[in-house]
Amino acid sequence: MTLYPVYTAKASTIKSLKTILIGLSVSALLSACATTSGSQRPIAQRPQQNTQIPVQIPNDRPNQTQPEEIKPEELVNYKSGITPPFMDAKNIQRVALILPFSAKSARLRAEADSMLKAAELALFAREDDSVLLIALDSAGTSAGARKAARSAVKQGADIILGPILAGSVKASSDIARKSNTPMLAFSTDTKVAGNGVYLLSFPPEAEVKRVVQYVAGSGARKFAFLGPDSTYGQRVLSAYKKSVASIDGMMNGVQTYTGKDITVMQEPARRLAKIYTDTLAANEAAGKPITEAAFHVVMLPEGGTALRSLAPLLPFFEENINPGNVQYVGTGLWNREEVVREPAIRGGIFAGPDMAGKNAFSANYDAVYGVEPSRLASLAYDAVNIAAFVADGDLKNRQKRLTDPAGFFGVDGLVRFDRSGTPERGLAVYQIKNGRFVIIDPAPKTSNGAF
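Take any residue in the sequence shown, count from 1 to its spot, add 1: that is its number in the working numbering.
Have a look at this one:
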């Protein structure tokens, strides 16, 4: 299992670096920084400042000065891949990073910018200068992603990180496959994984599996579902049914709705509550205890305002649906501060990464850049470390290194990739207690029995 360094940097380390504009294409960003090829170092010393770090800056990126130009022919060797002059004679691992730097969506542009900063932070945490990061713009489109993938292959990328959007992954993955270049994408859509494409993300399926296994360990065998009839909701429901079947449980109620307003949630909630009420009445008549209720666990795959509207409905229609009798469970959508303020969800549980590593990463990122990282920034940080390990080896063994059963341990915890390209995550189980999230079952630190 590969361990990553948790890096602490000062802002001056990055701010003092000299930036050189390279005249290639406005869609490409090139960064080469100090890296480490060691796979078992728990913490890296701060690298020496390198004043020859090439970075190509798209014209549409704000607040950037235009530095000195370098002619393309001075930089590019298409036979062996792109090679900055100061990296000549080195065994370079070329890592392409495809992100939507010029997307129409301001949110996507901000996400891309933050992920690039995190990727650079990962490079600064390493100890030698053998890794070259080639950042390319997908523009948030399928066509842009294909163009970026072609550029990555042409520039000799050993591995491609990204894109984010499922459509972009689907559109560009065939280019990576034809060149036998592994692609480590950030999409949560498992349909685009496989055949050389791996997903470094948090698909809801992993969260559902973890939480079902946890409650099953406490004896729960009867389950229900109340959630949106959306693409996300259907994915969660499918994973929920599969996980329940895997522990020989029973699905005794499924109710869905369309929309986010409480008015569309009320009738499905009433119907599910009635199943519980009717079963209680039948059991009472037969002299059976309340533990013989219709369900012990209810999945509520919502977040934010929608969750706060949904959660109180079941106890409103049936007072016996309370934390003493029924366990509410959720997905990563619950991992928002406003959730802990909803009384109806107290005692509810969900699965997610151990936040200790991510909190340390966020603090370091803030110390360097003066802002908080984006939601996906930690994925980019981990991706660079995984890529450096995978690329530092024989070309024929890269897929094998990426699917090492031992997995990888990064700021988002333990992850490994199966042959289908989907991630298996080592997740913690959280419970809402006293207005905060409390870990009630820690995330595994090794892959032994973790999955």
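We treat Cβ as the ideally placed atom computed from N, Cα and C, and that holds for glycine.
Leaving out five residues before and five after residue i in sequence, what residues of the same chain have Cβ atoms less than 7 angstroms from its Cβ?
{"i": "residue 267", "result": "314"}
{"i": "residue 1", "result": "The first residue shown for the chain is 2 and the last is 452, placing residue 1 beyond what the model contains."}
{"i": "residue 272", "result": "256"}
{"i": "residue 188", "result": "165, 166, 167, 170, 200, 202"}
{"i": "residue 318", "result": "270, 271, 274"}
{"i": "residue 123", "result": "382, 385, 386"}
{"i": "residue 106", "result": "141"}
{"i": "residue 230", "result": "257, 258, 259"}
{"i": "residue 146", "result": "99, 139, 164, 169, 172, 173"}
{"i": "residue 234", "result": "228, 257, 302"}
{"i": "residue 242", "result": "252"}
{"i": "residue 190", "result": "167"}
Tell me the DSSP bridge mates of residue i?
{"i": "residue 366", "result": "Beta-bridge pairing links residue 366 to no other residue."}
{"i": "residue 257", "result": "228"}
{"i": "residue 95", "result": "133"}
{"i": "residue 235", "result": "According to DSSP, which records beta bridges pairwise, residue 235 is partnered with nothing at all."}
{"i": "residue 281", "result": "Answer is none; residue 281 lacks a bridge partner."}
{"i": "residue 329", "result": "299"}
{"i": "residue 433", "result": "438"}
{"i": "residue 138", "result": "100"}
{"i": "residue 245", "result": "In DSSP, residue 245 forms no bridge with anything."}
{"i": "residue 199", "result": "185"}
{"i": "residue 445", "result": "None, per the DSSP bridge assignment."}
Taking the alpha carbon of residue i as the reference point, which residue from the options has its own alpha carbon closest?
{"i": "residue 421", "options": "431, 192, 429", "result": "192"}
{"i": "residue 244", "options": "231, 387, 218", "result": "218"}
{"i": "residue 174", "options": "143, 123, 156", "result": "143"}
{"i": "residue 389", "options": "101, 366, 133", "result": "133"}
{"i": "residue 130", "options": "92, 208, 352", "result": "92"}
{"i": "residue 306", "options": "157, 325, 345, 141", "result": "345"}
{"i": "residue 221", "options": "231, 251, 377", "result": "251"}
Give me the Cα-Cα distance between residue i and residue j, rounded to the nearest whole angstrom.
{"i": "residue 240", "j": "residue 427", "result": "17 angstroms"}
{"i": "residue 418", "j": "residue 375", "result": "24 angstroms"}
{"i": "residue 170", "j": "residue 161", "result": "11 angstroms"}
{"i": "residue 148", "j": "residue 103", "result": "14 angstroms"}
{"i": "residue 410", "j": "residue 194", "result": "21 angstroms"}
{"i": "residue 119", "j": "residue 99", "result": "14 angstroms"}
{"i": "residue 115", "j": "residue 137", "result": "14 angstroms"}
{"i": "residue 364", "j": "residue 373", "result": "8 angstroms"}
{"i": "residue 379", "j": "residue 270", "result": "37 angstroms"}
{"i": "residue 439", "j": "residue 172", "result": "41 angstroms"}
{"i": "residue 154", "j": "residue 180", "result": "7 angstroms"}
{"i": "residue 425", "j": "residue 237", "result": "16 angstroms"}
{"i": "residue 394", "j": "residue 150", "result": "22 angstroms"}
{"i": "residue 139", "j": "residue 128", "result": "30 angstroms"}
{"i": "residue 117", "j": "residue 182", "result": "21 angstroms"}
{"i": "residue 110", "j": "residue 163", "result": "14 angstroms"}
{"i": "residue 112", "j": "residue 397", "result": "33 angstroms"}
{"i": "residue 294", "j": "residue 125", "result": "56 angstroms"}
{"i": "residue 347", "j": "residue 320", "result": "15 angstroms"}
{"i": "residue 157", "j": "residue 404", "result": "22 angstroms"}
{"i": "residue 362", "j": "residue 281", "result": "49 angstroms"}
{"i": "residue 44", "j": "residue 412", "result": "Note that residue 44 scores 24 on pLDDT, short of 50, meaning its location in the model is unreliable; the coordinates nonetheless yield the value given after this. Computed Cα separation, rounded: 12 angstroms."}
{"i": "residue 264", "j": "residue 377", "result": "33 angstroms"}
{"i": "residue 338", "j": "residue 108", "result": "21 angstroms"}
{"i": "residue 401", "j": "residue 369", "result": "35 angstroms"}
{"i": "residue 152", "j": "residue 371", "result": "32 angstroms"}
So, for residue i: in the same chain, excluding its five sequence neighbours on each side, which residues have a beta-carbon less than 6 angstroms away from its beta-carbon?
{"i": "residue 355", "result": "414, 429, 444"}
{"i": "residue 159", "result": "94, 95, 392"}
{"i": "residue 309", "result": "343"}
{"i": "residue 64", "result": "Because the pLDDT at residue 64 is just 40, under 50, the model does not fix this residue reliably, and the value given afterwards should be weighed accordingly. Excluding sequence neighbours, residue 64 sits near nothing in its chain."}
{"i": "residue 248", "result": "217"}
{"i": "residue 208", "result": "332, 333, 352"}
{"i": "residue 206", "result": "240"}
{"i": "residue 185", "result": "162, 199, 201, 384"}
Who are the near neighbours of residue i in its chain, counting only those whose CB is closer than 8 angstroms to its CB and skipping five residues on each side?
{"i": "residue 350", "result": "212, 215, 216, 328, 329, 330, 331, 430, 431, 432, 433, 441"}
{"i": "residue 448", "result": "2, 406, 407, 408, 415, 417, 427"}
{"i": "residue 322", "result": "274, 277, 299, 315, 316"}
{"i": "residue 296", "result": "223, 224, 225, 253, 254, 276, 277, 327"}
{"i": "residue 435", "result": "none"}
{"i": "residue 457", "result": "A question about residue 457 goes unanswered here, because the residues of the chain that appear run from 2 up to 452."}
{"i": "residue 341", "result": "433, 436, 437, 438"}
{"i": "residue 367", "result": "373, 374"}
{"i": "residue 446", "result": "410, 415, 427"}
Is the CB of residue i under 8 angstroms away from at least one CB in chain B?
{"i": "residue 182", "result": "Here chain B cannot be found, since the structure has a single protein chain."}
Could you check whether the Cβ of residue i sits closer than 7 angstroms to any heavy atom belonging to the ligand GDP?
{"i": "residue 355", "result": "Among the components modelled here there is no ligand, and therefore nothing to report on the ligand GDP."}
How do the stretch 280-291 and the stretch 204-214 stand: do at least 3 beta-carbon pairs fall below 8 angstroms, yes or no?
Cβ pair count under 8 angstroms is below three, so no.
Meets three-Cβ-pair contact criterion under 8 angstroms: the stretch 300-313 and the stretch 324-342:
Three or more Cβ pairs drawn from the stretch 300-313 and the stretch 324-342 lie within less than 8 angstroms of each other, which places the two stretches in contact.
Evaluate contact between the stretch 193-202 and the stretch 224-237, counting only Cβ atoms and requiring at least three cross-stretch pairs below 8 angstroms.
They do not touch, by the three-pair rule.
If you pair each beta-carbon of the stretch 342-359 with each one of the stretch 243-259, do three or more pairs fall below 8 angstroms?
Touching, no.
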